[in-house]
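Protein chains: 4
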Amino acid sequence: MIGAGRIGKVHAKNITMFVPELEIKAIADPYMNAETEAFARGLRIPVVTKDTDSILKDSEIEAVLICSSTDTHADFIIRAAEEGKHIFCEKPVDYDVRRVRQAIDAVKAAGVKLQVGFCRRFDHNHRAVYDMVRSGKVGKVNIVKISSRDPEPPPISYVKASGGIFCDMMIHDFDMARFLAGSEVEEVSAVGAVLVDPAIGQAGDVDTAVVTLRFESGAIGVIDNSRRAVYGYDQRVEVFGSEGAAVNANDVPNTAAFYGADGTVTGACYKVMWDRYTEAFVSEMRAFAEAVARDLETPVTGEDGLYPVLMAAAAKSLREHRPVRIAEVC
Amino acid sequence: MIGAGRIGKVHAKNITMFVPELEIKAIADPYMNAETEAFARGLRIPVVTKDTDSILKDSEIEAVLICSSTDTHADFIIRAAEEGKHIFCEKPVDYDVRRVRQAIDAVKAAGVKLQVGFCRRFDHNHRAVYDMVRSGKVGKVNIVKISSRDPEPPPISYVKASGGIFCDMMIHDFDMARFLAGSEVEEVSAVGAVLVDPAIGQAGDVDTAVVTLRFESGAIGVIDNSRRAVYGYDQRVEVFGSEGAAVNANDVPNTAAFYGADGTVTGACYKVMWDRYTEAFVSEMRAFAEAVARDLETPVTGEDGLYPVLMAAAAKSLREHRPVRIAEVC
Amino acid sequence: MIGAGRIGKVHAKNITMFVPELEIKAIADPYMNAETEAFARGLRIPVVTKDTDSILKDSEIEAVLICSSTDTHADFIIRAAEEGKHIFCEKPVDYDVRRVRQAIDAVKAAGVKLQVGFCRRFDHNHRAVYDMVRSGKVGKVNIVKISSRDPEPPPISYVKASGGIFCDMMIHDFDMARFLAGSEVEEVSAVGAVLVDPAIGQAGDVDTAVVTLRFESGAIGVIDNSRRAVYGYDQRVEVFGSEGAAVNANDVPNTAAFYGADGTVTGACYKVMWDRYTEAFVSEMRAFAEAVARDLETPVTGEDGLYPVLMAAAAKSLREHRPVRIAEVC
Amino acid sequence: MIGAGRIGKVHAKNITMFVPELEIKAIADPYMNAETEAFARGLRIPVVTKDTDSILKDSEIEAVLICSSTDTHADFIIRAAEEGKHIFCEKPVDYDVRRVRQAIDAVKAAGVKLQVGFCRRFDHNHRAVYDMVRSGKVGKVNIVKISSRDPEPPPISYVKASGGIFCDMMIHDFDMARFLAGSEVEEVSAVGAVLVDPAIGQAGDVDTAVVTLRFESGAIGVIDNSRRAVYGYDQRVEVFGSEGAAVNANDVPNTAAFYGADGTVTGACYKVMWDRYTEAFVSEMRAFAEAVARDLETPVTGEDGLYPVLMAAAAKSLREHRPVRIAEVC
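For the protein sequence lines, the chains are A, B, C and D, in the order given.
Just so we're aligned, residue 1420 is where the first sequence starts under my numbering, counting upward by one.
Just so we're aligned, residue 1420 is where the second sequence starts under my numbering, counting upward by one.
Just so we're aligned, residue 1420 is where the third sequence starts under my numbering, counting upward by one.
Just so we're aligned, residue 1420 is where the fourth sequence starts under my numbering, counting upward by one.
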């Protein structure tokens, strides 16, 4: 494992507890500190180091998990591929389409497996909608609708470095849209506004956005994002087709309702991403383990990592005030 | 129409507006006053009188609606039957089983139709559960569960005259239990308590009660009643069988929800019975009109009026602290 | 009442049954036939005629309801206004913005009242969302989302004459969007496709469309339409704001659920518009009666009739493949 | 840990993965086999033995988990208490009230902690209802309602040995009723029938039962049980009080719904107990660890183990056809 920040620790813990097929030999982070070292020791990880090279060079290691900062992803993918290791890489691979392609090429040349960390594909609710679509239950897909709203905006420093709402937040929904539609996107039209926090606007970003998509199949997609929903993590998808619609609702911590004089009250959504997607993180790691063990294609390939980046690039539609075709940004 | 109180007025208005097959020729009430007279004139009812006899003797009138006080029901039924008129009578026919039987006998002897005003059988939600049961969807019925709670207790004066919670309130649920189970009740076990208002206890009644029923089919029923639910009219039924369960939820004035920081809030139940059962009152009158017009059996017969009275009598189980068989109170 | 087609009959019946403040003196339709005449007689409407002029000239008549074909609306409005009559006119006033303005001017000059028939504003579910927004519960409005899908496309002959999906179907949603957002629309971006029936495409229209809106307030709106939802009339709205979201669900005929081995099944949506909006038609007529009787502004003014027409005009965005500002089509 | 059957294995796995405060030193089962031994080795449990005595005598061991067959519970509790060890014991302690009291006495004499395995108290949904009740939200408790139905009856051999539906199945609900009501039960009235499988009747048991409870507080309780619900694990509770009602719904594997022409379909309930109560098993073990570590009273004491056994004994009401007071069976 390369990178032992928040997401790295989640994966490390999940692997140790729930994925017996994987065993973590080493964890490397250039910023390794005492707390992280203790964490790794607690999980009985034998090697804890600042030296990422030692992992890439370790011939005993079959696969690397890249959980470092985004700007290092492509580079680590290329080097790991060159060393013949299978790769799980957090999303996005890179914001630079050329760099993503280089990484994919390296993976292909080496014949290793690459899985990109679009964890929401493994969420039980989204997956259930996907299964209905793939089984043919909804018929021909006409409209894909996604609402995705975060409980709180990230710190402004993060906003500035993140590449903006389309790269940082809606990229998950771009992936979900393709995943659910079963078709590639041809064109992106974006509308956005600064409605949550003026500081986000000053940082050059919007905090509220609605994007429409045209798919090759003819279907239409629509995604809405907001950086702040006071009621918590709002993550709903809907696929409407010729035979019906598959629609999910938000997860809530429990099913209890209070019938009071002023109405019926049920619980708010999860306020923390890790609570909302607890199982999804485990499932994606199991899927990676299975792909490696049984020599299967990973469920989120390098191309799956590329397309959402293209869609985010096409979301320049917002600034250019016109629909933008994916073909323009390839 | 005999009796022009609250329920009489509701029926009169519904007939005028929604049941073109029925035309009200005369409305009689010994306590007829100016306000009621104006109401009747507004509906263009030709005859408005204090003289109930004039209705019973009017050879042009084919059917009478008995909406007077309970103690007069049996007598009016008998006299209307003798005059060869079809009869719609509000529930209950009488609390005295012998009197109910006399009324039924008179109806049978005269060959007229009698429908008893158990309006909830015509409620869209309860009816949908009933339809699932009758269609065989739930399979063999094992358990019938009814929750029935009023927004507010009636005035103590009413409680004293009403015959108690089993005669006045649970009688609707006794009817519903038979209706849903499709089987007669053999035995009644009642538990009760004074938890809402001590004055109800002082009046010799309970305000909270749970009754279990044994049906001839072997199925078990359970009904809970409370005189006060702060969240409004709570009326839910559930039929659990070998192939599944048919369950309804309360009606609410609208489907809007508010997702707020403290949870999701939807509307409280209806607080007024007339709002909750608006459509049911219309439907029962249409059903009566149809039974008369097409010479069909009414959907709530005299026997259907009798059995809930027997069940209310068997609810002496509460005072006698033992299960009571219907056969004991016939 | 001018025009006695389907919608005219619904209004006539509702007024007779539920709106005692209004009395229909005359009903005129150039295509008056025996069936309609019998219908009108059944409602005890004194004058039944082919001569619409006779209504406009009748000095006893205070208000006219214009339920004729769309191309006659503006003309009848102008003439009724000139005769000093209050006016209820079915939507849309006209598809020609100039004509709509002429009608509004005539109404203003005459000092009469005009209400346009956007009935969905009176729907209990949409109204409950509106009330939450107006009361400040959702805070500042950020996103307005509307899903509006019909059970079946209209006949192709109707599609050809209707002005297309934006004029005929989404116009209701354009009105709803303004109503909920409490702000005017500045810009419209439309995406559309032919996914339901190729014949609709051959008629020059789309059958599936997603439109994004920019409001003056900065808020963003999004509407999706489909001409066919197999599960019935799908009409959901959502207003997401700084303090929460107000969201409604579809009405269903009853609340009954079946818990079976394969899942829980609840009823499909209404399949017929008149069933879905039964109460809304009554409420809008009551609101009109009240505006006239108490000399209030009508709840859906001439301007409210104009703006959705402008939005439909701006939906040429679809063909021009660019966002279109309302200012361009005024 | 004494006893390494199904439930023992679940606890062992949960402790290893989720309860770092507990470390399992030894696992003993007189029927220890190779598969169980491998399981224990996989969890890195140092001592795997057939000799339960070795655990009780091991001075390094602070607490024992008794997961053996019910008939051995009381004996192991007494011996573990004598050895000064804290005890977690699966429910029920014993069906013999005298034996339960002996166990409780031994625990008290030794000053050790005892927690009984009523896991449903730790379920997120039931707990949320409990929290609403305890916080005063529902006001004074009037009615406690519990529906508890299993997907499939156990094998007949199990039914014969289990002590019957009240000891084996409803005992969980007896505990839940006390837990939610916050009051002791005074009297039990049972109704039962054989509706699921005649073989259960031949084994001397019923498979469908409704029990009403009178609490000391005056509140009334009602529990319904069925050995077979085709739609899966049905576990709903409701507490109705002076200020409202706290009601939970069943957990389902996901929130996805299909809107189809025939209605809306959502997922069936869990069909396997371990899936339904996954988190509850972890939470109860955490609570035990916390009680031991911080020297707190356990959340399910020996008395909490005793009362449901008394209630099950009072359910002889079914055979004696009369209400039975708890005081009769103490």
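Where a beta carbon is used, it is the ideal one built from N, C-alpha and C, also for glycine.
Nearest to C:Ser1636 by alpha-carbon distance, out of C:Gln1534, C:Gly1601, C:Gln1654 and C:Cys1508, is C:Gly1601. Distances from the alpha-carbon of D:Gly1660 to those of B:Ala1731, B:Arg1646, B:Asn1673 and B:Glu1657 put B:Arg1646 closest. Against chain B, a Cβ distance below 7 Å from D:Asn1561 picks out Leu1614, Thr1627 and Ser1645. Distance from the CA atom of D:Ala1445 to the CA atom of D:His1591, rounded to whole angstroms, is 29 Å. At a C-beta separation below 7 Å, D:Tyr1726 has no neighbours in chain C, since its nearest C-beta there lies roughly 31 Å away. Of C:Ile1464, C:Gly1461, C:Arg1460 and C:Phe1495, the smallest CA-CA separation from C:Lys1476 is found for C:Phe1495. Taking every protein chain shown into account, the CB of D:Gln1621 has fewer than 16 other CB atoms within 10 angstroms, so this residue is exposed. Remark: C-beta atoms of A:Ala1628 and A:Asn1644 approach each other more closely than 7 Å.
In the three-state reduction of the DSSP assignment, A:Cys1508 falls in the strand class.
Under DSSP, D:Tyr1678 takes part in a beta bridge, and its partners are A:Ala1664 and D:Thr1683. Assigned with DSSP and collapsed to three states, A:Val1552 falls in helix. At a cut-off of 7 Å between beta-carbon atoms, A:Thr1674 makes no contact with chain B. Counting C-beta pairs with one atom in each stretch, the region 1663 to 1676 of chain A and the region 1658 to 1673 of chain D have three or more that are closer than 8 Å, which means they touch. With a beta-carbon spacing of about 4 Å, A:Cys1486 and A:Gly1422 fall inside the 8 Å limit used to define contacts.
Just measuring C-alpha positions, the residue of C:Val1615, C:Cys1538 and C:Arg1655 sitting nearest C:Asp1594 is C:Cys1538. For B:Glu1703, the number of other beta carbons within 10 angstroms of its own is at least 16, and it is reported as buried. Going by DSSP, C:Val1563 is part of the beta strand (DSSP E) stretching over Val1560 to Arg1568. Within chain A, not a single residue places a beta-carbon under 7 Å from that of D:Ala1699; the smallest gap is close to 12 Å. The distance from the Cβ of C:Val1658 to that of C:Val1560 is about 6 Å, consistent with a contact at the 8 Å cut-off. Sequence-distant Cβ neighbours of C:Asp1470 in its own chain, meaning closer than 7 Å and more than five residues away, are Ala1447. The criterion of a C-beta distance shorter than 7 Å is satisfied by D:Ala1459 and D:Val1467. The beta carbon of D:Ala1687 sits closer than 7 Å to some beta carbon of chain C. Nearest to A:Ser1566 by C-alpha distance, out of A:Ile1642, A:Ser1736 and A:Pro1574, is A:Ile1642. In terms of beta-carbon proximity, D:Ala1664 stays away from the interface with chain C, with every pair separated by 7 Å or more.
Assigned with DSSP and collapsed to three states, A:Gly1611 falls in strand. With a contact defined as Cβ atoms closer than 8 Å, D:Ile1584 and D:Val1613 miss out at about 10 Å.
When Cβ-Cβ separations below 7 Å define contact, C:Gly1637 makes contact with chain A.
Judged by DSSP secondary structure, B:Val1578 falls within the alpha helix (DSSP H) whose first and last residues are Ile1575 to Ala1580.
Nearest CB-CB separation between C:Tyr1652 and chain A: not below the 7 Å threshold. In this structure, A:Glu1509 is the residue among A:Glu1509, A:Val1563 and A:Gly1503 with its C-alpha nearest to the C-alpha of A:Lys1428. Under the 10 Å beta carbon count, B:Ala1712 is surrounded by fewer than 16 other beta carbons and is classified as exposed. DSSP places C:Val1629 within a strand segment (E or B) once states are collapsed to three.
In the three-state DSSP reduction, B:Ala1648 falls in the coil class, being neither helix nor strand. Runs of the beta strand (DSSP E) spanning 3 or more residues and lying entirely within the region 1423 to 1472 of chain D occur at 1445 to 1447 and 1466 to 1468, in chain order.
Shown here for D:Gly1651: same chain residues with a beta carbon closer than 6 Å to its own, the five before and five after excluded, namely Pro1570, Ala1687, Cys1688, Tyr1689 and Lys1690 in chain order.
In this structure, DSSP gives D:Ala1622 a state outside helix and strand, which the three-state scheme calls coil.
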